[in-house]
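A.B. asks: Residues in the sequence shown are numbered consecutively from 1, following full-length UniProt numbering.
Pasting a structure here, questions to come.
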Amino acid sequence: MFRYVAYCAAMYIERVPNRNSPPAVLLRESWRENGKVRKKTVANLSGLPDELVEALRAALKGESIPASEGIASLEKAISIHDARQHGHVAAIHSVLKKSGLLGMIDSKRSRERDVVAAMIIDRIISGDSKLATVRHCDPQTASTSLGELLSLEDLHENECYAAMDWLLERQDKIQKKLAKKHLADGAPVLFDLSSSYFEGQCCELAQFGYSRDHRVYRKQVNYGIYCNSAGTPVGVEVLAGNESDRIAFPIAVERVRKDFNHKNVIFIGDRGMISGKAIDEYLRDEEGADWITALNAASIAKLERCGSIQLTFFDECDLASITHPDYPDERLVVCRNPDLAKRRSKRREALLQATEKLLAEIIKKVERKNKPLRGKDAIGVEVGKIINKKKMAKHFNLTIEDDTFAFDRNEEKIRSESATDGLYVIRSSVDKTRMTDQELVANYKNLEMVERAFRSLKSIDLNVRPIYHRLDNRVRAHIFICMLAYHIEHQMRSQLAPLLFADEQKETAAERDSVVDPVKRSDSAKKKDQTRRTPDGQHPISSFRDILNTLSAITRSRVKVEGHKKGDFKTTSTPTPYQQKILEWLGATRGM
């Protein structure tokens, strides 16, 4: 078992008296820790000739020694073998232990737990398959120290699949422990659903459904993630590809209130997840269960038509609280974002013009002399292709005859829709004494935390898709491993925030002038963007992926010394000041 060193140390040679024997010649490192000088023996050089020892001593001091005095001989005598990328592996493993997640997986170390840890670490580093994890542990094909660190150099692919089954049996217990640590009673729980496409035809979970990946011709698997208000994931729910929000949400309610044992909870979900029907069936009569969601476009238009929403509300502010008999004992907070209104108006006008251009082409086909387009059905098919593609049917008046076609804009419907441009309505049962209107809006906007998790899972870092497993349980275990990997990544990002482009001084809802407007980056974050350096100017600002690559330059190697009686020894390269800073922020200090 080796010891990983994550500190700046000075190397030197020390001769230690040995009573009746010649003194021991030791290569040592020294460093200062908590005000005390510590040292560690790296190698015993007693078997080396004196000239090589003196040449090495001079080299460590930075002196220039002529080849005739031993430098050339020293270079020939010492060689480096089996250099492996080590820093990022050791740092992630340290965070995995310090976060408590490794203990939640299993309190005692076992072969299965080590294999699961290897799959989590490898998922963060490379996002590859389980078979790739085996190759990354095999001494013949490994480029990292993953196999050596976890004593898995003889790992077989069947062990990965067995460890996945072993992990899945513990999923409920692990998620309960995560929820206990990261979810407070009465606190919001964010839940949202996404999908990932599937390779193969054998898995029953893989079904055709609404594809959020825009792969409508591919089977998929749906999965929902539970997060706290800070975006920390605590659980995942895997469903068949054809099971939508209406299936997922009641499962989420039961999971949080029964399995996570949170009787008092605020569910936060989008308008598709927490619909009016879902509220009536699963939340309204449940004591302690509150919700924050939003109304769909049709409901907002209905409120506008009946006069409950008026643009005069927003003359002096950008949100207003209203009530309506259709929503008894609930709060409705109407928000208007002028920038969003402009974007929607601009987009609608662009779609209208594009549709008019295509419809004009159909008129030309009807009016041409050679082979004109004839027949209501034929003309209707051509028109339908266009208005369905652009989704602009409701905005046009269409006149189709056997030999003529005409169209014009339905200005009344366009004006009706434009009246709600930039508007969205937050719907909630949370009492005003617990949350102000501004806090209500801010908590709903926290759903972006779940969206961020999905982006990281799918493409940025962890590559949950495409899914290749054939068995349902393996698919569930695969997605659970990806969720655990994101849990660690999320924690690492929080710890490394000073070295990332993250905004560490983001304003709270109470501090912001307008909770409706997009969050503005703080002055310190803007300075990061401009200088690409930390506030003290000592270290560069990087992406999370670049930081992992930087840590990977810390290597674990085998050093062979010609003529040494012990032959060789293992050593870890000394981190650069920047690498040391990264390790300090991660808490990955000596003894990782």
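Glycine is no exception: its CB is placed at the ideal position from the N, C-alpha and C atoms.
1. Can you check DSSP and say which residues form a bridge with Q491?
2. If you follow the alpha helix (DSSP H) that D546 is part of, which residue opens it and which one closes it?
3. Could you check if N264 is buried or exposed, using at least 16 other CB atoms within 10 Å of its CB as the buried criterion?
4. From the DSSP output, read off the bridge partner residues of A289.
5. If contacts are defined as beta-carbon pairs under 8 Å, then S573 and I554 qualify, I think. What distance do you get, rounded to the angstrom?
6. How is V115 classed by DSSP in three states: helix, strand or coil?
7. Are the segment 184-193 and the segment 134-150 in contact at 8 Å, needing three or more beta carbon pairs?
8. Taking S110 as the reference, give the member of L152, E281, A419 and I322 with the closest Cα.
9. State whether the segment 543-550 contacts the segment 512-531, with contact taken as three or more CB pairs (one from each stretch) at a distance under 8 Å.
10. Give me the Cα-Cα distance between residue 594 and I300, rounded to the nearest whole angstrom.
11. Below 8 Å between beta carbons: does that hold for F267 and A294?
12. Is L101 buried or exposed, if buried means 16 or more other CB atoms sit within 10 Å of its CB?
13. Classify G235: buried if its beta carbon has 16 or more other beta carbons within 10 angstroms, exposed otherwise.
14. Give the single residue among E439, A354 and D285 whose Cα lies nearest to the Cα of R331.
15. Along the chain, where does the beta strand (DSSP E) containing G224 start, and where does it finish?
16. Take the Cβ of I274 as the centre, count every other Cβ of all protein chains shown within 10 Å, and call the residue buried at 16 or more, exposed below.
17. Compute the beta-carbon to beta-carbon distance between L239 and N473, rounded to the nearest angstrom, for a pair I have assumed lies under 8 Å.
18. Jot down the residue ranges of each uninterrupted alpha helix (DSSP H) in the segment 144-200, minimum 4 residues, whole runs only, in chain order.
19. Consult DSSP for N443 and reduce its assignment to one of helix, strand or coil.
20. From G35, L56, N34 and D172, pick the residue whose C-alpha is nearest to that of L26; which is it?
21. Would you kindly work out how many angstroms separate the C-alpha atoms of I279 and D128, rounded to a whole number?
22. State the CB to CB distance for the pair V366 and P372, rounded to an integer number of angstroms; the pair is presumed to be in contact (CB under 8 Å).
23. My assumption, with CB atoms under 8 Å, is that T232 sits in contact with H182. Please give the rounded CB distance.
24. Taking C-alpha atoms, which residue in K445, F407, E159 and A132 lies nearest to M392?
25. In this structure, how does DSSP classify L586 when only helix, strand and coil are distinguished?
26. Contact between the segment 168-178 and the segment 208-219 is defined here as three or more beta-carbon pairs at a separation below 8 Å; is this criterion met?
27. Straight-line CA distance for K385 to L358?
28. Please name the residue, chosen from R556, E243, D339 and H478, that lies closest to S194 on a Cα-to-Cα basis.
29. If we ignore side chains and look at the alpha-carbon of each, how far apart do A320 and L352 end up?
30. Throw me the rounded Cβ distance for the V16 and P23 pair, which I believe falls under 8 Å.
31. Quickly, what does DSSP pair D408 with across the bridge? List them, please.
32. How many angstroms separate the CA atom of D402 from the CA atom of N296?
33. Do you know offhand how far E287's Cα is from F501's?
34. Using 10 angstroms around the beta-carbon of residue 604, count the other beta-carbons present and answer buried if the total reaches 16, otherwise exposed.
35. With DSSP as the reference, label Y4 as helix, strand or coil.
C.D. replies: The relevant details are as follows:
1. For the purposes of this step, residue 491 is identified with residue 491 of the sequence shown, where counting begins at 1. In the DSSP output, where bridge partners are listed per residue, Q491 has none listed.
2. Indexing the sequence shown from 1 puts residue 546 at position 546. Counting along the chain, the alpha helix (DSSP H) containing D546 begins and ends at F544 to S552.
3. The residue given as residue 264 occupies position 264 in the sequence shown. In this structure N264 is exposed. Its beta-carbon is surrounded by fewer than 16 other beta-carbon atoms within 10 angstroms.
4. As a working mapping, residue 289 is identified with position 289 in the sequence shown. A289 is bridged to V265.
5. In the sequence shown, residue 573 corresponds to position 573, counting from 1. In the sequence shown, residue 554 corresponds to position 554, counting from 1. Yes, they are in contact, since the Cβ atoms of S573 and I554 sit about 5 Å apart, within 8 Å.
6. Translated into the one-based positions of the sequence shown, residue 115 becomes position 115. V115: helix per DSSP, three-state reduction.
7. no
8. Residue 110 sits at position 110 when you count from the first residue of the sequence shown. The shortest C-alpha separation from S110 is found at L152.
9. no
10. Absent from the structure is residue 594, since the part of the chain shown begins at 1 and ends at 592.
11. Here residue 267 corresponds to residue number 267 of the sequence shown, with the count starting at 1. Here residue 294 corresponds to residue number 294 of the sequence shown, with the count starting at 1. Cβ distance not < 8 Å, so F267 and A294 don't count as in contact.
12. Residue 101 sits at position 101 when you count from the first residue of the sequence shown. Buried, because 16 or more other Cβ atoms sit within 10 Å of the Cβ of L101.
13. As a position in the sequence shown, residue 235 is number 235, starting the count at 1. G235 comes out buried.
14. Within the sequence shown, residue 331 is the residue found at index 331, counting from 1. Answer by Cα proximity: E439.
15. If you number the sequence shown from 1, residue 224 lands on position 224. Where G224 is concerned, the enclosing beta strand (DSSP E) stretches over Q220 to C227.
16. Taking the first residue of the sequence shown as position 1, residue 274 is located at position 274. It is buried - the Cβ of I274 has at least 16 other Cβ atoms within 10 Å.
17. As a working mapping, residue 239 is identified with position 239 in the sequence shown. As a working mapping, residue 473 is identified with position 473 in the sequence shown. So it is not a contact: roughly 14 Å between Cβ atoms.
18. 146-149, 157-169 and 171-182
19. Translated into the one-based positions of the sequence shown, residue 443 becomes position 443. Helix, per DSSP.
20. The sequence position of residue 26 within the sequence shown is 26, counting from 1. Checked all of G35, L56, N34 and D172; the closest Cα to L26 is L56.
21. Here residue 279 is taken as the residue at index 279 of the sequence shown, counted from 1. Here residue 128 is taken as the residue at index 128 of the sequence shown, counted from 1. Going from the Cα of I279 to the Cα of D128 covers about 40 Å.
22. For the purposes of this step, residue 366 is taken as the residue at position 366 of the sequence shown. For the purposes of this step, residue 372 is taken as the residue at position 372 of the sequence shown. Correct: roughly 6 Å between the Cβ atoms.
23. Within the sequence shown, numbered from 1, the residue matching residue 232 stands at position 232. Within the sequence shown, numbered from 1, the residue matching residue 182 stands at position 182. In this structure T232 touches H182 by the C-beta definition: roughly 5 Å separates them, less than 8 Å.
24. Here residue 392 corresponds to residue number 392 of the sequence shown, with the count starting at 1. Of the candidates K445, F407, E159 and A132, the one whose C-alpha sits nearest the C-alpha of M392 is F407.
25. Position 586 of the sequence shown holds residue 586. Correct three-state label for L586: helix.
26. no
27. Here residue 385 corresponds to residue number 385 of the sequence shown, with the count starting at 1. Here residue 358 corresponds to residue number 358 of the sequence shown, with the count starting at 1. Taking the straight line from one Cα to the other gives about 10 Å.
28. Translated into positions along the sequence shown, residue 194 becomes position 194. Per the Cα distances, E243.
29. Mapped onto the sequence shown, residue 320 falls at position 320. Mapped onto the sequence shown, residue 352 falls at position 352. Roughly 31 Å between the two C-alpha positions.
30. Here residue 16 refers to the residue found at position 16 when the sequence shown is read from its first residue. Here residue 23 refers to the residue found at position 23 when the sequence shown is read from its first residue. At roughly 6 Å, the Cβ-Cβ gap stays under 8 Å, so V16 and P23 are in contact.
31. Counting from one through the sequence shown, the residue named residue 408 turns up at place 408. BP columns for D408 point to N397.
32. Indexing the sequence shown from 1 puts residue 402 at position 402. Indexing the sequence shown from 1 puts residue 296 at position 296. Going by the C-alpha atoms only, they are around 39 Å apart.
33. Taking the sequence shown and counting its residues from 1, one reaches residue 287 at position 287. Taking the sequence shown and counting its residues from 1, one reaches residue 501 at position 501. Roughly 42 Å separates the two Cα atoms.
34. Lying outside 1 to 592, the shown extent of the chain, residue 604 is not represented and no answer is given.
35. Taking the sequence shown and counting its residues from 1, the one referred to as residue 4 is at position 4. Unreliable positioning characterises Y4 in this predicted model, as indicated by a pLDDT of 43, which lies under 50. A coordinate reading is not provided.
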